[in-house]
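Asker: Got a structure here, written out as structure tokens. Questions coming.
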Amino acid sequence: MDISIIILNYKAKEWVKKNLDALRLSQQKLAQSGFSWEVFVIDNSEGGDGTIEMVSREYQEVIPVAPLKNIGFPRGNNLAVSLSTGRYILLLNPDSIVEEETLPEMIRYMDSRKDVGISTCKVVLASSGNVDMSSHRGFPTPWNSLTYYLGLEELVAHSKLFGGYHLTWKDMSNEHEIDSCSGTFMMMRREALSDIGGKFSEDYFMYAEDIDTCYRVKEKGWKVTYYPRVKVLHYKGISSGIKKETREISKATAFHRREMIQAFWSDNKLFYDKHLKKKYNPLINFLIYLAIWLQVKIALMRRYI
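Numbering (the working numbering), first residue to last: 2 to 306.
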């Protein structure tokens, strides 16, 4: 098996359908290129939202998996990984639409770059047509985070000094190394995953697991790259309901949005504790924790939750 595609759903049935319809066209291109594939849909919707029934009825080529409860992003992905057999594992958000040539070209690219453990394509925001820079990340060091949240990254365009959070000085038209991509479209070599224990860290619930994975893979000597020759369209935030671009069409409740905001910051704090805290003095760490606490309060106030 060449590629195992994992789609984790949370109450986004109609987007899973759009995703799978696009994948069917892509699978024709995979077959023409001589590549084999398998697709898993993990439904984390408590009580179900009809996704499993829809997949079973309309997409017999897809393997549906229904945990008894919402087990979170990494646990759900690990469940599919344990069932998968592909040389490559692709994490694909349900609110993403893959172009026909994207998957075969990504396989060819990674086959040609044996030093690459993880790669992402060009992830384009459906709301604006711009690159989703959360899929083109530097690690959230204190300096990178400070310059980003103070707006210096945007104010001083293409600056290596101030653009470390999203690596804004990089040439977005050409392939290059990055620190981290997002789980929106994360294509991973199975050997690279094996090098970090064969699964994604289950310390996290919803966020930062992708950054954690890239960090640990890079520690093992693999490269993480951005490959913009092919792309995926991203309707960002459908499941969480916390992104302004898609909040109006998301079915997330106010309670769920509040939970996702808190999970975002708690998971990012966990990443800092695991990988960066030991590199800085107590004062810097205190300021980081204070900033995270303030960001949670500000995010909740902005959304009137």
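A virtual CB, placed ideally from N, CA and C, is assigned to each residue, including glycine.
Are there 16 or more other CB atoms within 10 angstroms of the CB of S46, so buried, or fewer, so exposed?
Answerer: Within the sequence shown, residue 46 is the residue found at index 45, counting from 1. Buried, by the Cβ-count rule.
Asker: Figure out for me which residue from L271, Y227 and A32 has the closest Cα to the Cα of E101.
Answerer: Working through the sequence shown from its first residue, we reach residue 101 at position 100. Of the candidates L271, Y227 and A32, the one whose C-alpha sits nearest the C-alpha of E101 is A32.
Asker: Express the C-alpha separation of V125 and V231 in angstroms, rounding to a whole number.
Answerer: Indexing the sequence shown from 1 puts residue 231 at position 230. Indexing the sequence shown from 1 puts residue 125 at position 124. Straight-line Cα distance between these residues: approximately 10 Å.
Asker: Could you tell me whether the segment 202-212 touches the segment 74-86, using the rule of 3 or more Cβ pairs below 8 Å?
Answerer: yes
Asker: Between K12 and N282, what straight-line distance do the alpha-carbon atoms span, to the nearest angstrom?
Answerer: Residue numbering aside, residue 12 sits at position 11 when the sequence shown is read from its first letter. Residue numbering aside, residue 282 sits at position 281 when the sequence shown is read from its first letter. Distance between the alpha carbons of K12 and N282: 42 Å.
Asker: Within the chosen definition, does the segment 152-164 reach the segment 76-96 through at least 3 CB pairs nearer than 8 Å?
Answerer: no
Asker: Of all the alpha helix (DSSP H) runs that stay within the bounds of the segment 93-147, which reach a length of 4 or more residues?
Answerer: 103-113
Asker: I'd like to check one pair, T52 with V42: are the Cβ atoms closer than 8 Å?
Answerer: In the sequence shown, the residue the question calls residue 42 occupies position 41. In the sequence shown, the residue the question calls residue 52 occupies position 51. Yes, the pair counts as a contact, with Cβ atoms nearer than the cut-off.
Asker: Expressed to the nearest angstrom, what Euclidean distance is found between the alpha-carbon atoms of A23 and G184?
Answerer: Taking the sequence shown and counting its residues from 1, one reaches residue 23 at position 22. Taking the sequence shown and counting its residues from 1, one reaches residue 184 at position 183. Roughly 18 Å between the two C-alpha positions.
Asker: I'd like the span of the alpha helix (DSSP H) that includes R217, first residue to last.
Answerer: Stepping through the sequence shown from its first residue, residue 217 is reached at position 216. Where R217 is concerned, the enclosing alpha helix (DSSP H) stretches over E210 to E220.
Asker: Three or more C-beta pairs closer than 8 Å, one from the segment 213-224 and one from the segment 167-177: is that the case here?
Answerer: no
Asker: If you drop the 5 nearest sequence neighbours on each side, which residues of the same chain put their C-beta closer than 6 Å to that of S37?
Answerer: Here the question's residue 37 lines up with position 36 in the sequence shown. Excluding positions up to five away in sequence, the list reads M2 and D3.
Asker: What's the call for N131, buried or exposed, on a 16-neighbour Cβ count within 10 Å?
Answerer: Translated into the one-based positions of the sequence shown, residue 131 becomes position 130. It is exposed - the Cβ of N131 has fewer than 16 other Cβ atoms within 10 Å.
Asker: For M187, count neighbouring C-beta atoms within 10 Å of its own C-beta (all shown protein chains included) and say buried if the count is 16 or more, exposed if not.
Answerer: Residue 187 sits at position 186 when you count from the first residue of the sequence shown. Result: buried.
Asker: Drop a sphere of 10 angstroms on the beta-carbon of R61, count the other beta-carbons inside from all chains shown, and report buried for 16 or more, exposed for fewer.
Answerer: If you number the sequence shown from 1, residue 61 lands on position 60. Checking the sequence shown, residue 61 turns out to be Gln, not Arg. Exposed.
Asker: State the CB to CB distance for the pair V233 and S97, rounded to an integer number of angstroms; the pair is presumed to be in contact (CB under 8 Å).
Answerer: Position 232 of the sequence shown, counted from the first residue, corresponds to residue 233. Position 96 of the sequence shown, counted from the first residue, corresponds to residue 97. Their Cβ separation, rounded to whole angstroms, is 5 Å, which keeps V233 and S97 in contact under 8 Å.
Asker: Could you check if M111 is buried or exposed, using at least 16 other CB atoms within 10 Å of its CB as the buried criterion?
Answerer: Translated into positions along the sequence shown, residue 111 becomes position 110. With 16 or more Cβ atoms within 10 Å of its Cβ, M111 is classed as buried.
Asker: By Cβ distance, which residues of its chain are closer than 6 Å to A81, with the 5 residues on each side in sequence left out?
Answerer: Your numbering for residue 81 matches position 80 in the sequence shown. The residues are I7, F41 and I43.
Asker: Give the C-beta separation of N145 and G152 to the nearest angstrom, bearing in mind that I take them to be a contact with Cβ-Cβ under 8 Å.
Answerer: For the purposes of this step, residue 145 is identified with residue 144 of the sequence shown, where counting begins at 1. For the purposes of this step, residue 152 is identified with residue 151 of the sequence shown, where counting begins at 1. Contact doesn't hold; Cβ gap of about 13 Å is too wide.
Asker: By the DSSP assignment, the beta strand (DSSP E) with E39 in it spans what residues?
Answerer: Mapped onto the sequence shown, residue 39 falls at position 38. Start and end: W38 to D44.
Asker: Sort out for me which residues DSSP pairs N71 with in a bridge.
Answerer: As a working mapping, residue 71 is identified with position 70 in the sequence shown. Note: N71 sits in no beta bridge, so no partner.
Asker: When the Cα atoms are used, what is the spatial distance from P143 to M55?
Answerer: Here residue 143 refers to the residue found at position 142 when the sequence shown is read from its first residue. Here residue 55 refers to the residue found at position 54 when the sequence shown is read from its first residue. Going from the Cα of P143 to the Cα of M55 covers about 45 Å.
Asker: For the beta strand (DSSP E) that R230 lies in, which residues bound it at each end?
Answerer: For the purposes of this step, residue 230 is identified with residue 229 of the sequence shown, where counting begins at 1. K224 to H235 is the extent of the beta strand (DSSP E) around R230.
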